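Structure, as structure tokens:
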Amino acid sequence: MKKTFFTLQLLCIALLVKAQEQWTTIRNGIEWTDTEGYIVQAHGGNFLQVGDRWYLIGEDRAGSWRPDVNLYSTTDFNTWRFEAKIIENYVTHPDLGSSRMIERPKLMYNEKTGKFVVWCHWEAGNYSASEAGVFESDSVAGPYHCVWTGRPLGTKSRDCNIFVDNDGAAYFISTTEENTNLGLFRLSEDYHSAVSETVLFKGERREAPAIAHIGDTYYMISSACTGWDPNQAKIATSKNIAEGWSNLENIGDRIAYDTQSSSILTINGTEGAVYIYVGDRWMDPDLPRSKIIMLPIEFENGKMELRYFDTWEIDLQRGKWRTIDTSKK
Ligand code: DGJ
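So the number in the working numbering is just where the residue sits in the sequence shown, counting from 1, plus 131.
Rendered as structure tokens:
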């Protein structure tokens, strides 16, 4: 009798734990559609969590080589709500759409000023301008106004990303000097301008940099410069963001599973954190059909690893992920 009661208790606990699990499926290699049925156009971007929503900023490549900047939001990485075209050709800036275009817009929140700030690659059609652009808004979905455009500290700057550290210090990192180096620019407190530059990976010709700070280590994934064609992604680590970076080592397969890095997303849950590689599967010359690919980052013996999954599952509340066992289907 006692034994049966104990077994029942265990069963109840197991059921309770199961009930608290909420797995949602991430699907790669397909076009995502928004709640209106339109293809999600948000390439080369990043995610920012605000409350219980994740906001996705990115290039709107629908029908244009001069992308507008779109913002979507989601609570489950399946349902995509179109929020707004937050930066628009000819509207947000007079040069945008004519002598300038935007690539790789990245969104961050400044705790000190309470503003949402976008840094992006601000370019001429032939990539000769090599500039950056900064936009700001009081609310995540805009309206955004232009704060500044130009070469950060006079340095030629192309492919780019932002990184906000745990202490709120923000950086703009970009491919500098005709795709030769990576420039790590420390930003001013208001995130409006670059105040110093550290040259990283001198002469290594890296682009598409994406940084994460996990534990006591900084990780940077980047690609080589091969236009829209995929290439071998590489990973480097350091205990200090501005110096001491390791050599670049291969990560993933030789074409980064047909992607190019755009950002690293961290999902913090009650029981852990999931780190996600977000990449673009560029479909040149049909860029509007480019796919956003999300892969769980794994750690083996302290080393970051990347494997490809068409589908995988994440529990956003608990901060857990798992593969889907397709062998049983
Ligand atoms: C690779 C870059 O990462 C993209 O953002 C874009 O600039 C293409 N090159 C253009 O060829």
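Glycine residues also receive a C-beta, built at the ideal position from the N, C-alpha and C atoms. A quick note: this is a predicted structure, and the numbers were derived from the prediction, not measured.
> Can you tell which of Ser354, Tyr408, Ile372 has the C-alpha that lies nearest to the C-alpha of Ala364?
Replying inline: As a working mapping, residue 364 is identified with position 233 in the sequence shown. Considering only alpha carbons, the answer is Ser354.
> Excluding five sequence neighbours on each side, which residues of the same chain lie with their C-beta closer than 6 Å to the C-beta of Ile217?
Replying inline: Within the sequence shown, the letter at position 86 stands for residue 217. Result list for Ile217: Val200, Leu202, Gly273, Tyr275, in chain order.
> Can you tell which of Ile395, Ser195, Glu219, Glu152 has its C-alpha closest to the C-alpha of Tyr349?
Replying inline: The residue given as residue 349 occupies position 218 in the sequence shown. It is Ile395 whose Cα lies nearest to the Cα of Tyr349.
> Any heavy atom of ligand 1 closer than 7 Å to the CB of Gln363?
Replying inline: For the purposes of this step, residue 363 is taken as the residue at position 232 of the sequence shown. No, since every heavy atom of ligand 1 falls outside the 7 Å radius drawn around the Cβ of Gln363.
> If you compare alpha carbons, which of Arg184, Gln391, Asp446 is closest to Cys291?
Replying inline: In the sequence shown, counting from the first residue as 1, residue 291 sits at position 160. Comparing Cα positions, the closest option is Gln391.
>> Taking 6 Å as the limit between beta carbons, can you name the residues of its chain near Lys460, skipping five residues before and five after?
In response: To locate residue 460, count along the sequence shown from 1; it is residue 329. Unreliable placement is indicated for Lys460, whose pLDDT of 43 sits below 50; no coordinate value is reported for it.
> DSSP state of Gly314, grouped into three classes?
Replying inline: For the purposes of this step, residue 314 is taken as the residue at position 183 of the sequence shown. Looking at Gly314 - three-state DSSP - the assignment turns out to be strand.
> Shortest alpha-carbon distance to Trp163 belongs to which of Thr306, Arg385, Ile428, Arg412?
Replying inline: Working through the sequence shown from its first residue, we reach residue 163 at position 32. Per the Cα distances, Arg412.
>> For a quick check, are the C-beta atoms of Cys251 and Glu267 less than 8 Å apart?
In response: Mapped onto the sequence shown, residue 251 falls at position 120. Mapped onto the sequence shown, residue 267 falls at position 136. No, they are not a contact pair.
> Should Gly194 be counted as a contact of ligand 1 given a C-beta to heavy atom distance under 7 Å?
Replying inline: In the sequence shown, counting from the first residue as 1, residue 194 sits at position 63. No, the Cβ of Gly194 stays beyond 7 Å of every heavy atom of ligand 1.
>> Between the alpha carbons of Glu429 and Thr311, how many angstroms are there, rounded?
In response: For the purposes of this step, residue 429 is taken as the residue at position 298 of the sequence shown. For the purposes of this step, residue 311 is taken as the residue at position 180 of the sequence shown. Their backbone Cα atoms lie some 30 Å apart in a straight line.
> So what's Arg420 in DSSP terms, helix, strand or just coil?
Replying inline: The count along the sequence shown starts at 1 and reaches residue 420 at position 289. Helix at Arg420.
>> Since Ala301 and Leu318 should fall inside the 8 Å C-beta cutoff, what is the C-beta to C-beta distance between them, to a whole number of angstroms?
In response: By 1-based counting over the sequence shown, the position of residue 301 is 170. By 1-based counting over the sequence shown, the position of residue 318 is 187. That belief holds up - the Cβ atoms of Ala301 and Leu318 are roughly 4 Å apart, short of 8 Å.
> Is the beta carbon of Ala173 less than 8 Å from the beta carbon of Gly189?
Replying inline: Position 42 of the sequence shown, counted from the start, is the residue given in the question as residue 173. Position 58 of the sequence shown, counted from the start, is the residue given in the question as residue 189. Yes, the Cβ-Cβ distance between Ala173 and Gly189 is below 8 Å.
>> Can you list, in chain order, the residues of its chain with a C-beta nearer than 8 Å to that of Asp207? Leave out the 5 residues immediately preceding and following it.
In response: As a working note, residue 207 is residue 76 in the sequence shown. These residues qualify, in order along the chain: Thr155, Leu447.
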